[in-house]
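Sequential numbering of the sequence shown, starting at 115, is according to our numbering.
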Amino acid sequence: MKFSAIIFLFIFTASCTKESAEVVLILNEIIAQHYNDKLVSRNLLPARHYNNWSKGRIKTQMRNGESIKIPPPPTTDTAIYSQGYFDKLVAEKIISSFEKEALLKSLQQTNDDMLLPANKAKGVLDLKEILELQRPSENGLVNHNYYELSTPIFNAKKDLVIFLVNFRQGNASRGILVVFRLTDLGWQKVNSKTKWIV
Numbered sequence: 115m116k117f118s119a120i121i122f123l124f125i126f127t128a129s130c131t132k133e134s135a136e137v138v139l140i141l142n143e144i145i146a147q148h149y150n151d152k153l154v155s156r157n158l159l160p161a162r163h164y165n166n167w168s169k170g171r172i173k174t175q176m177r178n179g180e181s182i183k184i185p186p187p188p189t190t191d192t193a194i195y196s197q198g199y200f201d202k203l204v205a206e207k208i209i210s211s212f213e214k215e216a217l218l219k220s221l222q223q224t225n226d227d228m229l230l231p232a233n234k235a236k237g238v239l240d241l242k243e244i245l246e247l248q249r250p251s252e253n254g255l256v257n258h259n260y261y262e263l264s265t266p267i268f269n270a271k272k273d274l275v276i277f278l279v280n281f282r283q284g285n286a287s288r289g290i291l292v293v294f295r296l297t298d299l300g301w302q303k304v305n306s307k308t309k310w311i312v
């Protein structure tokens with residue numbers, strides 16, 4: 115019994131390691147091709163499915179004497195995907211309905227604690243390192259220019275990926291959901307949607 119449990123644990127761990135290595139490779143390719151103009155935080159933002167995330171967080175408010183249920187707004191440090199976003203991608207023929215189901219399944223299995231390995235040659239650093247590199251200038255202002263990526267979600271064949279790019283510039287922030295598809299020319303952006311500008 116113990117032996118079989120050890121074998122299962124080994125296989126499970128190996129498959130997780132393989133999965134993470136493949137994800138890291140894909141993200142590094144996309145970063146090198148599209149996001150190499152600024153530093154990139156290796157601390158990936160958590161991904162959530164909004165329909166599930168909002169359950170249990172619904173608040174009831176009184177408006178004009180009526181009880182109204184209000185869902186919470188998504189936090190700016192989390193990539194939150196809604197059912198409507200995937201439906202829109204299908205309607206615009208950017209993804210197929212089969213790819214939508216695969217993406218939703220991938221989203222439910224996302225590991226929120228994933229880190230990209232530190233690779234200073236490609237500008238992938240810990241957020242702490244990024245902030246230390248960009249110290250205050252003579253006027254006391256710090257212009258933090260860097261990208262944060264969310265944990266990516268994939269279709270079954272790993273040739274379609276969706277994630278959030280959070281571009282931070284000083285105190286300003288812009289979150290953009292992006293869709294990349296693997297082609298003969300590498301990873302090409304096929305869709306993007308601004309989620310917020312702060």
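All C-beta atoms, glycine included, are put in the ideal place defined by N, C-alpha and C.
Excluding its 5 nearest sequence neighbours in each direction, Pro-185 has C-beta neighbours in its own chain below 6 angstroms: Ser-168 and Ile-172, listed in chain order. Taking C-beta atoms as the reference points, Ala-135 and Ile-267 fail to come closer than 8 angstroms.
Burial of Met-228 is indicated by the presence of at least 16 other C-beta atoms within 10 angstroms of its C-beta.
The Cβ atoms of Ser-264 and Phe-281 do not sit closer than 8 angstroms to each other.
With contacts defined by Cβ atoms closer than 8 angstroms, Ile-209 and Leu-218 do not form a contacting pair. Beta bridge pairing from DSSP links Trp-310 with Gly-289.
Inter-residue distance for Asn-166 and Asn-178 is about 29 angstroms (C-alpha atoms, whole angstroms). Taken through DSSP and simplified to helix, strand or coil, Gln-147 comes out as helix.
By the criterion of a C-beta distance shorter than 6 angstroms, Tyr-149 is surrounded in its chain by Tyr-261, once the five residues flanking it on both sides are discounted. If you check the CB distance, Val-138 and Leu-230 come in under 8 angstroms.
Closest option to Ala-205, judged by alpha-carbon separation, among Val-312, Asn-305, Ile-311 and Lys-309: Asn-305. Gln-248 has its alpha-carbon roughly 34 angstroms from the corresponding atom of Leu-221. With distances taken between CA atoms, Thr-224 lies nearest to Val-275 out of Ile-244, Val-275, Pro-187 and Ala-146. Here Val-312 is exposed: its Cβ has fewer than 16 other Cβ atoms, across all protein chains shown, within 10 Å. Taking a contact as a CB-CB distance under 8 angstroms, the pair Thr-192 and Leu-159 counts as one, their CB atoms being some 6 angstroms apart. About 6 angstroms separates the CB atoms of Ala-232 and Arg-156; that is less than 8 angstroms, so the two are in contact. Scanning Val-154, Ile-144, Ala-146 and Asn-142 for the CA closest to the CA of Asp-240 turns up Val-154.
Within the segment 216–283, the complete beta strand (DSSP E) segments of 3 residues or longer fall at 259–263 and 274–283, listed in chain order. By the criterion of a C-beta distance shorter than 7 angstroms, Arg-295 is surrounded in its chain by Asp-273, Leu-274, Gln-302 and Val-304, once the five residues flanking it on both sides are discounted. For Glu-213, the secondary structure class from DSSP, reduced to helix, strand or coil, is helix. With fewer than 16 other beta carbons inside 10 angstroms of its own, Phe-212 counts as exposed.
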